[in-house]
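J.: The opening residue of the sequence shown carries number 4 in my numbering; numbering runs sequentially from there.
A virtual CB, placed ideally from N, CA and C, is assigned to each residue, including glycine.
Computed from a prediction, not measured in an experiment: that's the story for all the values here.
There's a structure below that I have some questions on.
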Amino acid sequence: MAGRPLSFFSSFPIILAFALAGMLAAQEIPKELIITTTRPATSKNISHDGYSGLTVRDKEMAFSMMKLRQQNAPRVGELAPNFKLFSLDRNREVELTELYREKPVVLLFSSWGCDIFRESVGGLTDLQVRYGDRVNFVMIYTREAHPLNGWAGELGRVSDPKTNEQRREVARRFQAQMRLPYEVLVDDIEDPAMTQWAGWPVRVFMVGKTGHLVYSGALGPWGYRPYKGFVHGRGDRIGWDLEFSDGSLEDFLERSFPETKP
Numbered sequence: 004m005a006g007r008p009l010s011f012f013s014s015f016p017i018i019l020a021f022a023l024a025g026m027l028a029a030q031e032i033p034k035e036l037i038i039t040t041t042r043p044a045t046s047k048n049i050s051h052d053g054y055s056g057l058t059v060r061d062k063e064m065a066f067s068m069m070k071l072r073q074q075n076a077p078r079v080g081e082l083a084p085n086f087k088l089f090s091l092d093r094n095r096e097v098e099l100t101e102l103y104r105e106k107p108v109v110l111l112f113s114s115w116g117c118d119i120f121r122e123s124v125g126g127l128t129d130l131q132v133r134y135g136d137r138v139n140f141v142m143i144y145t146r147e148a149h150p151l152n153g154w155a156g157e158l159g160r161v162s163d164p165k166t167n168e169q170r171r172e173v174a175r176r177f178q179a180q181m182r183l184p185y186e187v188l189v190d191d192i193e194d195p196a197m198t199q200w201a202g203w204p205v206r207v208f209m210v211g212k213t214g215h216l217v218y219s220g221a222l223g224p225w226g227y228r229p230y231k232g233f234v235h236g237r238g239d240r241i242g243w244d245l246e247f248s249d250g251s252l253e254d255f256l257e258r259s260f261p262e263t264k265p
């Protein structure tokens, strides 16, 4: 007896499965980083793990570290994990609570060795010019994304520092060469802030005056969207990336602070 032809609705799960398979096949986000399991109800408050303090030596280590830390990153509405980091501009340690006391703060996690961040500095500077009177912009200098002595060193600029003093000196050189117009804080050599915020290799967040996340960018480089039109690869969003802010930081700032046109 011949089987009854499948209706569209009865065959929809099959169609959807093939469609998803095709999307993933064309996906530029490495499959090793796709997490489809249910995440914890709140982000994990972890500032140290088995990768803390280590130079990223190869792709396998990089992807394993990024996947492990994805669940650490705070989502919109969550209280921002506090930190106390050395400020190059103030020459002293600064707590996160100081940064959003008077106005919201944008946190830019990255390093000199991140080619993606270097490409975005010009656009970020434009945002700082437009919104700097209403929002603080602060860079958190982290472990080198592509150190000369590690993974994809041809994209980097320096070897991975081994001490706090070395990292601060590298950050000073980066700040001067790139003419960064915003404050630079330097993560400790054991990477507590980078680990707790899942900020490596590049990521952007914004904390409101109450200390809660108002913008939580997805994992970089694929989910890094500092301003309109800046997308690494195809810009696809899958897995846990869907739980972070959609659109660019610029989109969010425009909605939050409408500019009056003459």
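Would you tell me roughly how many angstroms separate the C-alpha atoms of GLN30 and LEU222, rounded to the nearest one?
T.: The predicted position of GLN30 is uncertain, since its pLDDT is 40 and thus under 50; a value taken from the coordinates is nonetheless stated next. Spanning the two alpha carbons is a distance of roughly 15 Å.
J.: In the structure shown, what three-state DSSP assignment does PHE112 receive?
T.: Residue state, collapsed to three classes: strand.
J.: What is the DSSP secondary structure of VAL173, reduced to helix, strand or coil?
T.: Helix.
J.: From what residue to what residue does the alpha helix (DSSP H) around PHE255 run?
T.: Residues 252-259.
J.: Under the rule that 16 or more other beta-carbon atoms within 10 Å means buried, what is ASP163, buried or exposed?
T.: Per the 10 Å Cβ criterion, buried.
J.: Can you list, in chain order, the residues of its chain with a C-beta nearer than 6 Å to that of VAL59? Leave out the 5 residues immediately preceding and following it.
T.: Here the set comprises ALA65, GLY153 and TRP154.
J.: Can you tell me whether PHE260 is buried or exposed, with buried defined as 16 or more other CB within 10 angstroms of its CB?
T.: Flag for PHE260 reads exposed.
J.: Would you please state the rounded distance, in angstroms, between the beta carbons of PHE89 and VAL189? I believe it to be under 8 Å.
T.: That belief holds up - the Cβ atoms of PHE89 and VAL189 are roughly 5 Å apart, short of 8 Å.
J.: Taking the alpha carbon of LEU71 as the reference point, which residue from LEU99, ILE49 and ASP61 has its own alpha carbon closest?
T.: Closest option to LEU71, Cα to Cα, is ILE49.
J.: For the stretch 107-116 and the stretch 133-140, state whether three or more C-beta atom pairs, one from each stretch, are separated by less than 8 Å.
T.: Touching, yes, given that three or more Cβ pairs across the two stretches are closer than 8 Å.
J.: In terms of residue numbering, what span does the alpha helix (DSSP H) encompassing ILE119 cover?
T.: Unbroken alpha helix (DSSP H) run through ILE119: 118-134.
J.: For the alpha helix (DSSP H) containing PHE66, list its first residue and its last residue.
T.: First-last of the alpha helix (DSSP H) with PHE66: 62-72.
J.: How big is the Cα-Cα spacing for LEU27 and GLY226?
T.: With a pLDDT of only 34 at LEU27, under 50, the local geometry of the prediction cannot be trusted, and the value read off the model is given with reservation. Their backbone Cα atoms lie some 16 Å apart in a straight line.
J.: For the structure I just gave you, are there three or more beta carbon pairs, one from the stretch 158-178 and one from the stretch 114-124, closer than 8 Å?
T.: Segments in contact, yes.
J.: Given that a residue counts as buried once 16 or more other Cβ atoms are within 10 Å of its Cβ, and exposed if not, what is ARG146?
T.: Result: buried.
J.: How is LEU88 classed by DSSP in three states: helix, strand or coil?
T.: Here LEU88 sits in strand by DSSP.
J.: Please list, in chain order, all residues of the same chain as GLU257 whose beta carbon is under 6 Å from its beta carbon, the five residues on each side excluded.
T.: Nothing listed; no residue qualifies.
J.: When the Cα atoms are used, what is the spatial distance from GLY220 to LEU130?
T.: GLY220 and LEU130: Cα-Cα distance of roughly 16 Å.
J.: Rounded to whole angstroms, how far is the Cβ of MET197 from the Cβ of LEU252, which I believe are closer than 8 Å?
T.: Between LEU252 and MET197 the Cβ distance is about 19 Å, and since that is not below 8 Å, they are no contact.
J.: Measure the beta-carbon distance from VAL234 to ALA148 and round it to whole angstroms, keeping in mind my assumption that it falls under 8 Å.
T.: That belief does not hold up - the Cβ atoms of VAL234 and ALA148 are roughly 18 Å apart, past 8 Å.
J.: Confirm, please, whether the CB-CB distance from GLY125 to PRO229 is below 8 Å.
T.: Contact: no.
J.: Taking a contact to mean a Cβ-Cβ separation below 8 Å, would you say VAL187 touches GLN178 in this structure?
T.: For VAL187 and GLN178, yes; Cβs fall inside 8 Å.
J.: Would you kindly report the start and end of the unbroken beta strand (DSSP E) that includes GLU186?
T.: First-last of the beta strand (DSSP E) with GLU186: 186-189.
J.: Could you tell me the alpha carbon to alpha carbon distance between MET181 and THR213, rounded to whole angstroms?
T.: In a straight line, the C-alpha of MET181 is about 31 Å away from that of THR213.
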